[in-house]
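For the sequence shown, this note's numbering begins at 1 and goes up steadily by one.
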Amino acid sequence: MDLDITLTDAPIAEQISAPFPVGSYGAWLEFRGVVREEEAGRKIAALEYEAYPEMAVREMRRLVNDIAGRHPCLAVRVIHRIGLIPVGEAAVYAGVASRHRAEGFALLAEFMDRLKLDVPIWKRGSRGFEPVMAKVSVNVPAGAGRKPSPLSLDEARAKIQSCCQPLPAIRVPLVEAVGRVLREPVRATEDLPPFDCSTRDGYAVLADDPAEQHEVVGVIHAAGWQPRQLRSGEAVRVATGAPMPCGGLRVIMQEDAVLEGNYVRLNRTDSAINIRRRGDEVKAGQLLVPEHSKLDAGRLALLATAGLAYPLVSPRLRVVHLITGDEIVPPGQTPQPGQIRDSNSILIRGLLAGQVGELYQAHLPENFAAAWSQLPLNKIAVADLVLVSGGASVGERDFTRPLLERLGFHIQFNQVNLRPGRPLIFGTKGSQAAFGLPGNPLSHFVCFHFAVAMALARFNGDCPPVFQRGVLPDRFVSETCSRETLWPARLTLSAGRVILHPLNWGSSGDVTCFAQANALIRVPAGQANFAAGAEVEFLPAGAI
Numbered sequence: 001m002d003l004d005i006t007l008t009d010a011p012i013a014e015q016i017s018a019p020f021p022v023g024s025y026g027a028w029l030e031f032r033g034v035v036r037e038e039e040a041g042r043k044i045a046a047l048e049y050e051a052y053p054e055m056a057v058r059e060m061r062r063l064v065n066d067i068a069g070r071h072p073c074l075a076v077r078v079i080h081r082i083g084l085i086p087v088g089e090a091a092v093y094a095g096v097a098s099r100h101r102a103e104g105f106a107l108l109a110e111f112m113d114r115l116k117l118d119v120p121i122w123k124r125g126s127r128g129f130e131p132v133m134a135k136v137s138v139n140v141p142a143g144a145g146r147k148p149s150p151l152s153l154d155e156a157r158a159k160i161q162s163c164c165q166p167l168p169a170i171r172v173p174l175v176e177a178v179g180r181v182l183r184e185p186v187r188a189t190e191d192l193p194p195f196d197c198s199t200r201d202g203y204a205v206l207a208d209d210p211a212e213q214h215e216v217v218g219v220i221h222a223a224g225w226q227p228r229q230l231r232s233g234e235a236v237r238v239a240t241g242a243p244m245p246c247g248g249l250r251v252i253m254q255e256d257a258v259l260e261g262n263y264v265r266l267n268r269t270d271s272a273i274n275i276r277r278r279g280d281e282v283k284a285g286q287l288l289v290p291e292h293s294k295l296d297a298g299r300l301a302l303l304a305t306a307g308l309a310y311p312l313v314s315p316r317l318r319v320v321h322l323i324t325g326d327e328i329v330p331p332g333q334t335p336q337p338g339q340i341r342d343s344n345s346i347l348i349r350g351l352l353a354g355q356v357g358e359l360y361q362a363h364l365p366e367n368f369a370a371a372w373s374q375l376p377l378n379k380i381a382v383a384d385l386v387l388v389s390g391g392a393s394v395g396e397r398d399f400t401r402p403l404l405e406r407l408g409f410h411i412q413f414n415q416v417n418l419r420p421g422r423p424l425i426f427g428t429k430g431s432q433a434a435f436g437l438p439g440n441p442l443s444h445f446v447c448f449h450f451a452v453a454m455a456l457a458r459f460n461g462d463c464p465p466v467f468q469r470g471v472l473p474d475r476f477v478s479e480t481c482s483r484e485t486l487w488p489a490r491l492t493l494s495a496g497r498v499i500l501h502p503l504n505w506g507s508s509g510d511v512t513c514f515a516q517a518n519a520l521i522r523v524p525a526g527q528a529n530f531a532a533g534a535e536v537e538f539l540p541a542g543a544i
């Protein structure tokens with residue numbers, strides 16, 4: 001299939017021709033997504049799109065290839081604009097050449113349905129028409145009387161993705177690479193297996209030798225190659241994995257032969273060759289492990305087989321986690337009236353397990369001056385990520401934002417129009433990132449999976465977590481909320497389908513759903529009723 005994908009800030013041409021001569025295809029279908037003059041009920045002049053270009057192109061390519069496996073087509077052309085796009089102009093174009101219209105329509109429809117969900121291109125916002133202003137000079141400080149609006153969930157994720165960049169990759173020994181993200185594609189340097197070898201203990205004879213009795217003229221073990229040309233009536237005893245002495249052979253299993261002195265008699269013959277041919281598994285130059293793969297035991301074994309002793313991988317991340325709140329006591333301590341046990345420390349440690357090289361945790365008093373004096377400044381200076389639990393809201397004792405600003409972090413946003421997790425602070429300083437997490441445990445859980453996990457993936461050069469689609473088995477009714485909700489759920493698989501079971505939770509401080517939650521259902525603002533069988537978006541939040 002001929003596939004061409006383009007991201008551009010230039011207008012999309014009015015006429016785009018099919019990539020093949022007329023008559024070589026059955027149908028050429030086109031779709032243009034045009035910017036409309038209304039957004040959320042108000043007149044607009046333009047929409048602004050933002051993208052992570054390399055990943056957007058890669059994900060669109062993956063998406064088209066995946067759909068084409070079910071709906072084969074001859075060619076696909078995709079153009080997506082980024083930047084500011086005026087009303088009436090196309091933001092996205094897709095053209096499909098197919099043998100039959102049905103295949104083209106099916107691919108085009110599924111691609112456009114999944115484009116918004118699967119590909120990191122975001123509608124950053126809209127531009128309205130500038131009103132005509134009276135010529136009156138009023139000395140009002142910039143921004144006075146205006147409170148910044150909370151970012152939407154998509155805007156917050158886009159901001160984190162654009163601000164957090166992959167950390168420089170390093171080469172480490174294979175034994176230190178487990179769990180890290182590979183930052184280079186790895187290809188086979190030789191054929192695997194590198195020679196024809198036996199898959200059985202037995203006797204190698206000429207493949208077309210009709211003799212039933214053979215003279216044993218040699219023995220080859222797995223580590224010893226002894227080249228020789230066998231003749232009719234001759235056999236070489238071979239071990240499993242042993243290289244063949246010449247070509248044109250087959251191996252008779254030991255169980256099907258009887259050794260009598262220097263001769264072996266065949267009790268039974270069949271068509272089995274019992275030989276792995278050179279390059280049967282992998283040809284030299286073939287891709288073994290793609291870039292951005294997380295290195296588990298199996299992939300590490302492939303790298304070892306390819307002879308890559310020092311792969312290029314993501315560095316181990318250094319994280320500082322600061323817990324605030326005078327009411328917080330250790331889990332082993334009996335709380336006094338007004339106190340609660342600290343669950344956020346172990347929650348964050350568990351969520352970060354296997355993802356970081358160093359995690360430093362400390363408890364700060366609920367007083368700015370005292371907290372500042374106890375800050376582990378040496379740890380923060382070298383940290384890739386700083387997390388502060390609690391103090392992210394606007395109470396008189398909530399000091400996370402000024403603390404981060406005094407540390408030199410530029411605050412990118414401090415609220416997300418989301419439930420739970422509205423008072424989320426995100427800041428950056430050079431290559432470092434910091435989050436001020438709302439203190440309630442469920443808010444921690446939610447904010448980690450939609451925000452912190454995004455930053456971790458970007459630092460590691462990994463693919464960021466994306467929303468997927470699943471099905472609600474039963475009717476789901478909740479209270480209406482003016483904000484989007486990320487609703488804790490239990491994800492299961494049934495007959496290849498993702499099934500989402502919403503869990504009960506009473507408030508952002510509720511921890512009772514943690515034992516089962518491994519997904520977060522995206523509930524749109526103002527929606528409270530889903531029919532049984534409804535398809536919804538969700539974000540993975542743990543193992544199935």
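C-beta: ideal position from N, C-alpha, C; glycine also.
Setting aside the 5 residues that flank it on each side, ASP9 is surrounded in the same chain by ARG81, ILE82, GLY83, each with a C-beta closer than 7 Å to its C-beta; the list follows chain order. In the DSSP annotation of this structure, the continuous segment of the beta strand (DSSP E) that includes PRO540 starts and ends at 535-540. DSSP, reduced to helix, strand and coil, places ILE346 within a helical segment of the structure shown. Of the candidates ARG237, TRP225, LEU192, LEU192 places its Cα closest to the Cα of LEU287. Bridge pairing for TYR263: GLU215, GLU260 [DSSP].
The secondary-structure analysis by DSSP pairs GLN516 with nothing; it has no beta-bridge partner. Taking 3 residues as the minimum length, the beta strand (DSSP E) runs contained wholly in the stretch 173-261 are 202-206, 213-220, 234-238, 249-253, 257-260, in order along the chain. LEU403 and TRP372 have their C-alpha atoms spaced approximately 7 Å apart. Secondary structure at ARG475: coil, using DSSP grouped into helix, strand and coil. Taking 8 Å as the cut-off, the Cβ atoms of VAL96 and VAL119 do not count as close. Beta-bridge analysis with DSSP links PRO502 to ALA489. Its Cα nearest to that of GLU110, the residue ASN65 stands out among SER149, LEU377, ASN65, ILE79.
If you draw a straight line from the Cα of ALA457 to the Cα of VAL87, it is about 35 Å long. Residue pairing by DSSP places THR400 opposite no residue, since no beta bridge is assigned to it. The closest CA to that of PRO243, considering only ILE252, VAL258, TRP487, GLN226, is found on GLN226. Residue burial annotation: TYR310 is exposed, with fewer than 16 other C-beta atoms found within 10 angstroms of its C-beta.
Taking a 10 Å sphere around the C-beta of HIS410, we find fewer than 16 other C-beta atoms and assign the residue as exposed. With respect to ALA222, GLY241 sits close: the two C-beta atoms are nearer than 8 Å. In the DSSP assignment, the residues bridged to TRP28 are ALA97. With a 10 Å radius around the Cβ and a threshold of 16 neighbouring Cβ atoms, LYS283 comes out exposed. In this structure, ALA27 sits near HIS100, with a CB-CB distance shorter than 8 Å. Residue state for ILE328 is assigned as strand, using DSSP reduced to three classes. Annotated as distal: LEU491 and ASN529, with beta-carbon spacing of 8 Å or more. Check the Cα spacing between VAL416 and each of ALA451, ALA94, LEU249: the tightest is with ALA451. Of all alpha-carbon atoms in ASN367, PHE368, ALA362, ALA515, the one lying nearest the alpha-carbon of VAL386 is that of ALA362. Excluding residues up to 5 positions away in sequence, PHE476, TRP487, ALA489, ILE521 lie with their Cβ nearer than 7 Å to the Cβ of PRO502 in the same chain.
Here ASP474 has ALA532 as same chain residues with Cβ atoms under 6 Å from its own Cβ, once five neighbours each way along the sequence are excluded. Around the beta carbon of ARG200, a 10 Å sphere encloses 16 or more other beta carbons of the protein chains shown; the residue is thus reported as buried. Here ILE160 really is in contact with PHE426; their C-beta atoms are around 6 Å apart, less than 8 Å.
With respect to LEU351, PHE459 sits apart: the two C-beta atoms are not nearer than 8 Å.
The C-alpha of ASP342 lies about 5 Å from the C-alpha of PRO330.
The residue from ARG228, GLU38, GLU190, PHE20 with its alpha-carbon nearest to that of THR305 is GLU190.
Under the three-pair Cβ rule at 8 Å, the stretch 422-442 counts as touching the stretch 505-518. Using a Cβ distance threshold of 8 Å, ALA211 and SER232 count as a contacting pair. Each of ASP154, ALA46, ALA91, LEU7 was checked against the Cα of LEU539, and the nearest Cα belongs to ASP154. Runs of the alpha helix (DSSP H) spanning 4 or more residues and lying entirely within the stretch 20-87 occur at 53-68, in chain order.
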